[in-house]
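Here is the structure we will look at.
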Amino acid sequence: MSDLPHARSHVAVIGAGPAGLMAAETLARAGVSVTVYEAMASVGRKFLMAGRGGLNLTHAEPLVSFLDRYGAARDDLAPHIQAFSPSALIAWAHGLGQETFTGSSGRVFPVAMKASPLLRAWLARLAALGVRIETRRRWTGWDEGGGLTFQGGATITPHATILALGGGSWAKLGATGAWTTLLAARGVELSPLQPSNCGFLVSWSDVFRDRFAGTPLKAVRFSHANVDIQGEAVITRDGIEGGAIYALSAALRDAIRRDGETTLHLDLRPDVTETRLRERLAVLRDGETMSNRLRRGGGLSPVCIGLLREAHGVSPPSEAGALAAAIKRTSLTLRATAPIDRAISTAGGVRFDAVDEGLQLHAIPGVHVAGEMLDWEAPTGGYLLQACFATGVAAAHGVLANLARR
Ligand SMILES: Cc1cc2nc3c(=O)[nH]c(=O)nc-3n(C[C@H](O)[C@H](O)[C@H](O)COP(=O)(O)OP(=O)(O)OC[C@H]3O[C@@H](n4cnc5c(N)ncnc54)[C@H](O)[C@@H]3O)c2cc1C
0 MSDLPHARSH VAVIGAGPAG LMAAETLARA GVSVTVYEAM ASVGRKFLMA
50 GRGGLNLTHA EPLVSFLDRY GAARDDLAPH IQAFSPSALI AWAHGLGQET
100 FTGSSGRVFP VAMKASPLLR AWLARLAALG VRIETRRRWT GWDEGGGLTF
150 QGGATITPHA TILALGGGSW AKLGATGAWT TLLAARGVEL SPLQPSNCGF
200 LVSWSDVFRD RFAGTPLKAV RFSHANVDIQ GEAVITRDGI EGGAIYALSA
250 ALRDAIRRDG ETTLHLDLRP DVTETRLRER LAVLRDGETM SNRLRRGGGL
300 SPVCIGLLRE AHGVSPPSEA GALAAAIKRT SLTLRATAPI DRAISTAGGV
350 RFDAVDEGLQ LHAIPGVHVA GEMLDWEAPT GGYLLQACFA TGVAAAHGVL
400 ANLARR
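So that you can map any letter, position 203 of the sequence shown is 202 in numbering that gives the first Met the number 0, and since no number is skipped, the others follow by simple counting.
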């Protein structure tokens with residue numbers, strides 16, 4: 000390794016999530032001496048949390064549609080994801096002994112489903128490559144000479160730095176978003192951090208909240224701004240969250256930001272036509288309560304009956320046609336996003352016009368950024384980790400290109 004051009008260079012990677020560890024691996028493979036500094040007592044806490052419900056590493060759809068998932072950041076991320084593509088990520092996981100499979104939705108998971116076996120194998124590989132990892136090392140900024148400062152007083156002056164500090168959700172796992180103040184003070188252009196793949200606040204009645212908080216909503220179709228998603232959601236004490244809501248969350252969030260609140264439309268019986276529903280609801284039984292009619296004729300679950308009452312007042316319309324229409328077109332008023340700390344990911348962060356093609360900050364030469372702290376967002380489905388890994392690789396290549404020029 001010692002005859003490699005970068006052999007005497009030392010690079011600091013700050014943040015030991017998937018982006019930082021991938022940057023460290025890429026640098027170490029090129030012969031650079033790398034130290035990863037991590038504020039928490041252990042590495043990859045959010046990555047391990049991501050594995051709790053099945054670690055969705057990436058997605059198997061064609062690259063063109065894959066890239067479209069990044070919306071406004073598509074063209075900024077495209078070169079990095081083309082350079083470290085979903086198939087490269089799958090091959091990398093296989094190289095760590097983690098076989099993968101593609102689910103019916105196209106989502107790609109390790110066979111083990113959890114993140115821990117992959118992380119264990121990865122850390123062993125990083126150790127074999129000579130990567131040093133120092134935990135309980137919280138980076139606090141720069142001193143006057145440009146050295147990196149850490150809580151407790153230590154300062155280091157590496158040849159280059161990669162910041163991979165994560166977004167601003169689930170602070171207890173390490174990503175606090177505190178870096179926004181440090182980078183803004185150095186003139187780095189940032190977009191405000193906002194919740195992405197998040198839940199929303201709804202003013203439930205006390206009766207509905209007490210009865211249904213924690214109840215899953217299955218087989219309901221949710222619509223907003225001409226996008227329909229059929230999937231699962233969960234009623235929370237303060238509102239609604241879950242996969243189908245996350246899929247609509249960027250547009251819902253932006254509409255609330257623009258208009259102060261927004262309407263989420265629900266089809267509570269997407270599997271039945273309105274005509275068929277009307278026919279079934281028109282069959283009346285003597286003395287039957289509205290709840291029984293909705294259960295029997297409408298085929299609604301108790302939580303869906305509750306939602307209908309929330310939307311239409313305690314008594315939904317009794318005429319069969321109007322009732323069928325109400326079931327097919329219920330609506331909820333969303334007042335705000337749920338707190339950012341509970342979001343799966345964050346939008347906003349370091350703007351792409353604040354970095355060069357090697358993800359180096361124009362305002363702070365020698366400092367590169369990677370992962371969720373960059374200004375992009377994507378739905379769940381493996382797109383989040385793919386972009387974190389790919390930008391980790393890209394930031395490392397940016398550092399290597401600079402070191403080679405020196
Ligand atoms: C519940 C949940 C489930 C998820 N499931 C999936 C999934 O299945 N698929 C998917 O693609 N994505 C998933 N995600 C999102 C994914 O985990 C994140 O996008 C990804 O972990 C971000 O990687 P990162 O390296 O940019 O940041 P992080 O993983 O947040 O890592 C940043 C690291 O920087 C450290 N740090 C921060 N500040 C400092 C400092 N000042 N000094 C030193 N260290 C610091 C933090 O402690 C942390 O370890 C999930 C997220 C959550 C919350």
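We treat Cβ as the ideally placed atom computed from N, Cα and C, and that holds for glycine.
For residue i: DSSP bridge partner residues
i: Gly140; result: Thr148
i: Gly230; result: Val219
i: Glu133; result: Tyr36
i: Pro442; result: One cannot answer for residue 442 here, as it falls past the ends of the chain, which runs 0 to 405.
i: Leu331; result: Leu263
i: Leu360; result: Val354
i: Leu189; result: Val349
i: Ser202; result: Answer by DSSP bridge pairing: none, since Ser202 is not bridged.
i: Ser195; result: Ser344
i: His9; result: Ser32
i: Ile239; result: Phe199, Ile234
i: Val366; result: Thr160
CA nearest to the CA of residue i, picked from the options
i: Phe46; options: Ser222, Cys387, Leu333, Ser32; result: Cys387
i: Gly144; options: Arg404, Gln385, Arg405, Ile363; result: Ile363
i: Leu384; options: Ala212, Pro85, Ala170; result: Pro85
i: Ser340; options: Leu26, Arg131, Cys197, Ser41; result: The displayed chain sequence assigns Asp, not Ser, to residue 340. Nearest of Leu26, Arg131, Cys197, Ser41 to Asp340, Cα basis: Cys197.
i: Ala71; options: Ala38, Leu26, Ser190, Thr99; result: Ser190
i: Ser104; options: Gly230, Leu306, Ile343; result: Gly230
i: Phe65; options: Leu402, Arg405, Ala393, Tyr382; result: Tyr382
i: Leu88; options: His58, Asp74, Pro116, Asp75; result: His58
i: Thr274; options: Leu307, Leu263, Ala114, Lys327; result: Lys327
i: Met39; options: Ala163, Thr288, Val313, Arg137; result: Arg137
i: Gly43; options: Gly151, Pro301, Ser202, Ala120; result: Ala120
i: Leu181; options: Arg284, Trp141, Pro157; result: Trp141
i: Asn225; options: Leu200, Leu251, Ser202; result: Leu251
i: Ala22; options: Ala184, Gly397, Gly286; result: Gly397
i: Ala153; options: Thr139, Leu265, Ala403; result: Thr139
i: Phe199; options: Thr156, Ala163, Glu356, Leu247; result: Leu247
i: Pro269; options: Glu260, Arg292, Arg294, Leu299; result: Leu299
i: Pro157; options: Tyr36, Ile343, Ala393, Ser41; result: Tyr36
i: Ser330; options: Asp285, Trp203, Asp374; result: Trp203
i: Thr34; options: Lys171, Thr134, Gly165, Gly102; result: Thr134
i: Pro316; options: Ala393, Ala29, Thr336, Thr288; result: Thr288
i: His223; options: Arg257, Ala184, Leu265, Val201; result: Leu265
i: Leu95; options: Phe83, Arg68, Leu117; result: Leu117
i: Arg257; options: Ser115, Gln150, Asp75, Leu333; result: Leu333
i: Arg185; options: Ser41, Glu376, Asp253, Val349; result: Val349
i: Gly102; options: Leu267, Glu60, Ala170; result: Glu60
i: Thr272; options: Glu260, Arg220, Ala310, Tyr245; result: Arg220
i: Phe351; options: Gly30, Leu76, Ser32; result: Leu76
i: Glu188; options: Ser8, Gly347, Val302, Ala49; result: Gly347
Any non-hydrogen atom of ligand 1 closer than 7 angstroms to residue i Cβ
i: Ser317; result: no
i: Met112; result: no
i: Arg136; result: yes
i: Glu133; result: no
i: Arg44; result: yes
i: Trp141; result: no
i: Leu88; result: no
i: Gly16; result: yes
i: Gly167; result: no
i: Leu164; result: yes
i: Thr235; result: no
i: Asn225; result: no
i: Asn55; result: yes
i: Trp375; result: no
i: Gly213; result: no
i: Gly381; result: yes
i: Leu384; result: yes
i: Ile344; result: Per the sequence shown, residue 344 should be read as Ser rather than Ile. Ser344 Cβ: within cutoff of ligand 1.
Contact belief for residue i with residue j at Cβ below 8 angstroms, rounded distance in angstroms
i: Leu192; j: Gly167; result: 4 angstroms
i: Leu360; j: Thr390; result: Not confirmed; about 13 angstroms, so no contact.
i: Thr160; j: Gly365; result: 6 angstroms
i: Ala163; j: Ile13; result: 7 angstroms
i: Leu122; j: Ala11; result: Contact doesn't hold; Cβ gap of about 18 angstroms is too wide.
i: Leu408; j: Leu263; result: Since the first and last residues shown for the chain are 0 and 405, residue 408 lies out of range.
>> Whether or not the stretch 269-280 and the stretch 305-324 are in contact is what I'm after, with contact meaning three or more pairs of Cβ atoms, one per stretch, closer than 8 angstroms; do they touch?
In response: yes
> Quick one: any contact between the stretch 366-377 and the stretch 13-26, if contact means 3 or more CB pairs under 8 angstroms?
Replying inline: yes
> Quick check: the stretch 207-220 against the stretch 232-242, are there 3 or more CB pairs under 8 angstroms?
Replying inline: yes
> Three or more C-beta pairs closer than 8 angstroms, one from the stretch 105-118 and one from the stretch 50-57: is that the case here?
Replying inline: yes
> How about the stretch 126-135 and the stretch 300-312: do they share at least three Cβ pairs that are nearer than 8 angstroms?
Replying inline: no
> Between the stretch 212-221 and the stretch 240-259, are three or more C-beta pairs nearer than 8 angstroms?
Replying inline: yes
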